[in-house]
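Read top to bottom, the protein sequences are chains E and P.
Counting from 2, one number per residue, gives the positions in the first sequence under this note's numbering.
Counting from 159, one number per residue, gives the positions in the second sequence under this note's numbering.
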Amino acid sequence: MKKTKNTIIEIIIFMCGTLSVIFVVSIFIFLLKESLGFFREYNILKFITGRNWYPDSNEPSFGIFPMVIGSFLVTFGACIIAVPIGVMAALYISEIAPKYVHDILKFLVELMATIPSVVIGLIGMCTIVPFVKNFFNIPTGLTAFSGSIMLAFMVMPTIVTISEDAIHSVPWKYREGALALGATKWQAIRRIVLKEARPGIIAAIMLGIGRLIGETMAVMMITGNSASIPKSIFSPVRTMTATIAAEMGEVVKCDIHYKALFAVGLVLFIITFIVNFIADFFLGKNK
Amino acid sequence: MSNIEIKNFNMYYTNFHALKNININIAEKRVTAIIGPSGCGKSSLLRSINRINDTVDGVHTSGEINISGKNIYNIEVNVGILRRNVGMVFQRPNPFPISIYENVAFGLKVNRIYSNKNVIDDVIEKSLKAVLLWNHVKDKLRKSALSLTLEQQQRLCIARVIAVAPSIILLDEPCSSLDPIATQKIEELIMQLSNKYTIVLVTHNMQQAARISRSTAFMFLGKLIEFDDTEKIFTNPSIKETEDYVSGRFG
Ligand SMILES: Nc1ncnc2c1ncn2[C@@H]1O[C@H](COP(=O)(O)OP(=O)(O)OP(=O)(O)O)[C@@H](O)[C@H]1O
Ligand SMILES: [Mg+2]
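See the structure below:
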């Protein structure tokens, strides 16, 4: 009886696993098919390096270069803000905070991870956008910089939680050995604990980046949606995801514009795949 | 001078009274063993001598531990300097997961003892020679310390302590994760080192205490029961509990 129950559960789990693989592979195949259709009509080099995205003009051009730059700029900015703060927070939570503070903070960070990104986007629109506009005295607060700040908030839970796990899993005996040699707590952390936790922290950052690049709604609301190459982090930008989300509703099915959006999707898919692959590599190394 | 004089020393883990009014005078430049059944407080006592127990939540103490006449629990004592002077080797070898070279250099760097690379190289060589590891590792100093065998790792842990020039070395069951041959080699090393360092050795293994120590302290339930020459403790103890323990009647 118990045995058949086990077998049934195993079969269900196996099917779920297989199904998810099948889904991912078919999504990839679908993306590839539509994109290949697009590349037959539009030169792939012009697609990647083109500086203009005018899908609706008489002589349409589909250059995604500005969006790639936009995506990377927003993501990179968010990393610059989120990585040091996130890693410090993880260090504080796991090494310095007393037990009850540790528990409260871990709970709050995990809670923060569950806030839907549209909500963060909405809050950012009412707070960060006017703040950036007034503080830097620029014509609009809808900039890459605002997007970066907000994405930094969104990615912080991922970075804090996973880095904290990595730091926490460094065996106590290393800290003790270091302290017993006359090292201060900070020296033990910097020279031994952080070194040992580094693969895990890199994985945390990579998973964070993967999440940032794929993030859509919040950035669309906040970064100004201008598909030209940004001059600085204080210019409006548009990301790849925002482009797909904004235009998908308006395109005619099977039209070249429609296919072009799938090609953008393919580029995104490949980038996030690579980033997650690197994260997995470092997570594996941590074990 | 590097004798350890422990006076009316008590230690608590929050409310648990782990060390009860310990009084003992540990002489310099010899091996002193601490024996006793599991949970009697041997490690707690040892870990009080370099104040590494300060890092455990809820630990508090009363009484004195005087090293060379100075109470290490005085507020003005710098624990970093104290721990440099009172090295510690743990039960399970715990080399850092970095290179062999960096393991030995660690104490020199964090304490900023030397900055000249040649001098550091020199100290590292001397320390590794002192633990008879040099010939084996001299061509692979940049390899990870975790690639060594357990015995070699324990030697490395001793070397990294020696590198910062302590006068006292505390060893907490240093052979308990080693095989008999490795144990014998480490014991030989400990005896050699006792010419230069004051050594306090916690051990479960009574033969080991009998083989390598000059004085032995027997502890039971957080109290120091008897402290005397090793020979006396093992052949003619004054207290019945000691006799029962060394003759294997309990523990
Ligand atoms: N961090 C701690 N918190 C609370 N109690 C502790 C802690 N560490 C040790 N104790 C208790 O203090 C007592 C003495 O422990 P200690 O580790 O000093 O014994 P020991 O003689 O070294 O034993 P063993 O031979 O098993 O290593 C034990 O009863 C133990 O349960
Ligand atoms: Mg112990």
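Glycine included, each C-beta is placed from N, C-alpha and C at the ideal position.
Opposing strand residues paired with K165(P) [DSSP bridges]
Paired residues: E222(P).
Looking at the structure shown, is T400(P) part of a helix, part of a strand, or coil, going by DSSP?
If DSSP states are grouped into helix, strand and coil, T400(P) belongs with the helices.
Which term fits Q310(P), buried or exposed, when burial requires 16 or more other beta carbons within 10 angstroms of its beta carbon?
With a threshold of 16 other beta carbon atoms within 10 Å, Q310(P) meets it and is buried.
Cβ neighbour criterion (16 or more within 10 Å) applied to T307(P)
T307(P) comes out exposed.
Sequence-distant residues of the same chain with beta carbon closer than 6 Å to L284(E), five excluded per side:
Shown here for L284(E): same chain residues with a beta carbon closer than 6 Å to its own, the five before and five after excluded, namely A204 in chain order.
Would you check whether ligand 2 has a heavy atom nearer than 7 Å to the C-beta of V214(P)?
No, ligand 2 has no heavy atom inside 7 Å of this Cβ.
According to DSSP, simplified to helix, strand and coil, what is M207(E)?
Correct three-state label for M207(E): helix.
Using DSSP's beta-bridge definition, name the partner residues of M377(P).
L382(P).
Smallest Cα separation from R250(P): which of P332(P), N236(P), L204(P)?
Selected option, being the one with the closest Cα: P332(P).
Would you say F174(P) reaches chain E, if we count a Cβ-Cβ gap shorter than 8 Å as a contact?
False, the Cβ-Cβ gap to chain E never drops below 8 Å.
Would the beta-carbon of V133(E) fall within 8 Å of that of T144(E)?
Their beta carbons are under 8 Å apart, which means V133(E) touches T144(E) by this criterion.
Check each residue of the stretch 178 to 195 of chain E: if its Cβ is closer than 9 Å to any Cβ of chain P, include it; give the result in chain order.
For the stretch 178 to 195 of chain E, which is checked against every Cβ of chain P, the residues closer than 9 Å are G178, A179, L180, A181, L182, G183, A184, T185, K186, Q188, A189, R192, I193.
Check the Cβ of V268(P) against every Cβ in chain E and list those closer than 9 Å, keeping chain order.
Residues of chain E passing the Cβ test: A179, L182, G183, A184, T185, Q188, A189, R192.
For V319(P), I'd like the list of residues in its chain whose CB is within less than 8 Å of its CB, leaving aside the five on either flank, ordered along the chain.
The residues are G245, M246, V247, G265, I327.
So, does the CB of E197(E) fall closer than 8 Å to a CB anywhere in chain P?
Yes, its Cβ sits closer than 8 Å to a Cβ of chain P.
Is any beta-carbon of chain A found at less than 8 Å from that of M246(P)?
The structure shown has no chain A; the protein chains it does contain are E and P.
Segment limits, alpha helix (DSSP H) that includes F73(E):
Judged by DSSP secondary structure, F73(E) falls within the alpha helix (DSSP H) whose first and last residues are 66 to 92.
Can you list, in chain order, the stretches of the alpha helix (DSSP H) that have 4 or more residues and sit fully within the stretch 211 to 283 of chain P?
Fully enclosed alpha helix (DSSP H) runs of no fewer than 4 residues occupy 237 to 243, 258 to 268 of the stretch 211 to 283 of chain P, in order along the chain.
Please go through the same chain and pick out, in chain order, the residues whose beta-carbon is closer than 6 Å to the beta-carbon of G380(P), but skip the five residues on each side of it.
Hits under 6 Å: A176, L177, K178, G199.
If you compare alpha carbons, which of F254(P), I164(P), E163(P), V189(P) is closest to R191(E)?
When only C-alpha atoms are compared, the closest one is F254(P).
Quick one: what does DSSP say G125(E) is sitting in, helix, strand or coil?
Note: G125(E) maps to helix in three-state DSSP.
Just to confirm, does S201(P) get its C-beta within under 7 Å of one of the non-hydrogen atoms of ligand 2?
Taking non-hydrogen atoms of ligand 2 into account, the C-beta of S201(P) is found less than 7 Å away from one of them.
At which residue ranges does the stretch 97 to 163 of chain E contain complete beta strand (DSSP E) runs of 3 or more residues, listed in the order of the chain?
Complete beta strand (DSSP E) runs here, min 3: none at all.
Chain-ordered chain E contacts of G221(P) [CB-CB under 8 Å]:
Listed along chain E, no residue sits closer than 8 Å to G221(P) by beta-carbon distance, the nearest being about 22 Å off.
Start and end of the alpha helix (DSSP H) containing V322(P)?
In the DSSP assignment, V322(P) falls outside any alpha helix (DSSP H) and carries neither an H nor an E.
Per-residue contacts from V322(P) into chain E (C-beta, under 7 Å):
Simply L182, G183.
Compute the distance between the beta-carbons of A91(E) and I210(P), then report whether it is under 8 Å.
No; because the gap between Cβ atoms is not below 8 Å, this pair is not in contact.
If you run the structure through DSSP and keep just helix, strand and coil, what is F48(E)?
Helix, per DSSP.
Mind checking which residues open and close the beta strand (DSSP E) that includes N181(P)?
DSSP places N181(P) in the uninterrupted beta strand (DSSP E) bounded by 174 to 184.
Residue interval of the alpha helix (DSSP H) (run including L20(E)):
3 to 42 is the extent of the alpha helix (DSSP H) around L20(E).
Using 7 Å as the cut-off, classify the Cβ of V360(P) as near or not near the heavy atoms of ligand 2, replying yes or no.
Indeed, a heavy atom of ligand 2 lies less than 7 Å from the Cβ.
Residue from E384(P), V358(P), T400(P) with nearest C-alpha to S325(P)
Per the Cα distances, V358(P).
Report the residue ranges of all beta strand (DSSP E) runs contained in full by the stretch 229 to 256 of chain E; include only those spanning at least 3 residues, in chain order.
No beta strand (DSSP E) of 3 residues or more sits fully in the stretch 229 to 256 of chain E.
Please determine whether the Cβ atom of G406(P) lies at a distance below 7 Å from any heavy atom of ligand 1.
No, the beta carbon of G406(P) sits no closer than 7 Å to any heavy atom of ligand 1.
Which chain P residues sit within Cβ distance under 7 Å of K174(E)?
At a beta-carbon threshold of 7 Å, the residues of chain P lying near K174(E) are F248, R250, N252, ordered along the chain.
Terminal residues of the beta strand (DSSP E) in which I391(P) lies
Unbroken run through I391(P) is the alpha helix (DSSP H), 388 to 393; no beta strand (DSSP E).
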